Every structure is written in C-alpha cells, then in structure tokens.
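For the sequence shown, the residue numbers in my numbering are 482 to 676.
Remarks on the structure that follows.
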Amino acid sequence: MFFRDIKPKRGNTMKVTLADAHLPVKMGNRDAELVFGAPLQAQLAATNLGTVISCDTRKRASGAAIGVDIALGLTNGSEATLRSVASLLEVLSAPCGSSVRLSEGVGIPMIFGVTEGLEVAIDTPATTTPGARHDLTKTCTGALKDTGVCRGWDQRQDTTVFYFYGESYADMRERLTRALSATTEFCDATIQRMA
482 MFFRDIKPKR GNTMKVTLAD AHLPVKMGNR DAELVFGAPL QAQLAATNLG TVISCDTRKR
542 ASGAAIGVDI ALGLTNGSEA TLRSVASLLE VLSAPCGSSV RLSEGVGIPM IFGVTEGLEV
602 AIDTPATTTP GARHDLTKTC TGALKDTGVC RGWDQRQDTT VFYFYGESYA DMRERLTRAL
662 SATTEFCDAT IQRMA
C-alpha cells in the first residue's frame with residue numbers, strides 16, 4: 482500500500498544508518514528523482530524507515546545513463562529494513578540485478594528486482610519531433626498495457642532508443658513486435674533485450 486503527501490516535520494532530526502541502493506535502469510530522458518526518489522521518500526516517511534538523501538542518475542563518460550544510485554538514511558541497518566527498502570523499490574518496477582547495502586560495505590549486497598529491460602531502436606529521422614516520439618511511446622505503452630513501463634528515450638548517433646521494463650521480456654517483445662509491425666512509420670524498429 483502506498484501513501485501520498487506525507488511530509489516529515491521541519492527541524493526534526495533522527496539518528497540514521499547510511500545505505501546505498503543501485504538500480505541498473507536506463508532512464509533516458511526521465512528524471513530519476515521523480516520516478517524513484519520522491520515515491521521512495523514518501524514510503525520511507527510513511528513507514529518510518531528513514532529518508533532518501535539523494536537520487537542520482539549514474540552515467541558513463543560518454544554521458545549515457547546506466548543506472549540510478551540512491552543514498553538512504555535508514556532508522557536502523559537491519560536486514561529486515563534492507564528487505565523492506567528492496568520491496569518498496571520492486572513496487573516501483575526496479576529491474577533484476579538491483580542491490581542495496583549498508584554504506585560501510587559490511588556484508589554482501591542484497592540483490593533484488595522484478596523487471597527485465599527491453600530496448601526499441603528506430604532510425605532517428607522517424608522520431609525527430611516530440612510528436613513522433615510521443616506517438617511511438619503511446620503505441621508501445623498501449624500494446625504493453627499493464628505488463629510494462631516506459632523509462633524514457635535516448636538519442637544515439639543515428640538511432641533513437643526507447644527503454645521499457647516489465648516482468649516478462651518474451652511477453653513484452655511479442656506485444657511490441659505485433660504493435661509496431663502494424664504501423665507504417667515504426668515497422669522498421671528493432672527490439673532487443675537490454676544488456
């Protein structure tokens with residue numbers, strides 16, 4: 482159950498244990514803070530488990546996004562608390578291979594995640610305008626219904642890549658192949674599993 486609009490009191494301090502979560506999710510043009518940081522902060526406040534200190538996109542030297550790093554201040558550093566954080570992030574569609582651990586690096590990280598990644602790549606001329614990118618995203622999300630979520634898009638040299646995450650790569654691929662091949666403007670798109 483997710484609660485909304487719960488805000489901590491001003492000037493209130495708490496003793497926290499620092500922890501770090503890493504999600505290997507490609508965000509494209511989406512804001513990691515809006516997608517993961519703010520909802521997680523609301524849930525941590527509602528359950529009195531702690532706070533989100535920062536939520537940043539991890540990038541390669543080339544500028545390509547390769548993940549999201551979340552710094553946490555937890556009310557305690559128990560395994561149960563880390564498991565609760567992992568569960569909250571799974572509700573937000575955290576991908577397989579995500580991890581959370583205490584910042585001190587004691588013990589091995591807890592691995593979690595429920596979604597697999599899929600990329601839809603299409604030649605840039607087909608998606609040069611915001612309207613064309615919106616149309617492709619709408620076509621794909623309509624095909625996926627509630628089985629997948631769009632995490633944005635990136636422009637590469639001569640292609641535009643759209644990122645989708647869902648519980649079944651095979652199901653997402655089948656649905657997207659059917660939907661995209663039925664269009665004239667996006668029928669040349671390629672679909673592949675995210676590395």
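Beta carbons are placed, not taken as given, at the ideal position from N, Cα and C, and that holds for glycine.
The structure displayed is predicted, hence computed values, not measured ones.
In angstroms, rounded to a whole number, what distance separates the CA positions of residue i and residue j?
i      : j      : result
ALA663 : VAL595 : 29 Å
GLN682 : THR620 : Residue 682 lies beyond the residue range present for the chain, which begins at 482 and ends at 676; the question has no answer from this structure.
THR538 : LYS507 : 9 Å
ASP652 : LEU599 : 11 Å
LYS496 : MET591 : 23 Å
THR609 : ARG541 : 24 Å
TYR650 : SER535 : 30 Å
GLY623 : VAL572 : 21 Å
LEU521 : THR556 : 15 Å
ASP512 : TRP634 : 11 Å
ALA575 : ASP669 : 29 Å
ARG654 : GLN673 : 8 Å
GLY544 : LEU657 : 28 Å
THR562 : HIS615 : 39 Å
ALA527 : GLU648 : 27 Å
Going by DSSP in three states, residue i sits in which element: helix, strand or coil?
i      : result
VAL601 : strand
PRO505 : coil
VAL516 : helix
ALA575 : coil
GLY458 : The structure shown has nothing for residue 458, since the chain only spans 482 to 676.
GLN673 : strand
THR528 : coil
GLY629 : strand
For residue i, which residues of its own chain have a beta-carbon under 7 Å away from its beta-carbon, when the five flanking residues on both sides are left out?
i      : result
THR618 : CYS631 and PHE643
ARG637 : none
THR671 : ALA602
ALA613 : ALA607
GLY531 : VAL497, LEU525, LEU553, GLY554, LEU555 and THR556
ALA518 : The question names Ala, but residue 518 in the sequence shown is Gly. Here the set comprises VAL533, CYS536 and ILE551.
Grab the span of the alpha helix (DSSP H) containing residue i for me, first residue to last.
i      : result
LEU570 : 560 to 572
ARG654 : 650 to 662
Might you give, ordered along the chain, the residues of its own chain that have their beta carbon closer than 6 Å to the beta carbon of residue i, omitting 5 neighbours on each side?
i      : result
LEU570 : none
VAL566 : VAL581
Once you ignore the five residues that flank residue i on each side, which residues in its own chain have a CB closer than 8 Å to its CB?
i      : result
GLY558 : THR498, ALA500 and LEU583
ASP639 : ASP604 and THR605
ARG659 : ALA624
ASN510 : GLY633, TRP634 and ASP635
GLU560 : MET591
Mind checking which residues open and close the beta strand (DSSP E) that includes residue i?
i      : result
GLY548 : 546 to 555
ARG637 : First-last for ARG637: undefined, no H or E at that position.
ILE592 : 591 to 593
Stretch pair the region 578 to 597 + the region 617 to 628: three plus CB contacts closer than 8 Å: no
Determine contact between the region 495 to 502 and the region 547 to 560, defined as no fewer than three beta-carbon pairs at a distance below 8 Å. yes
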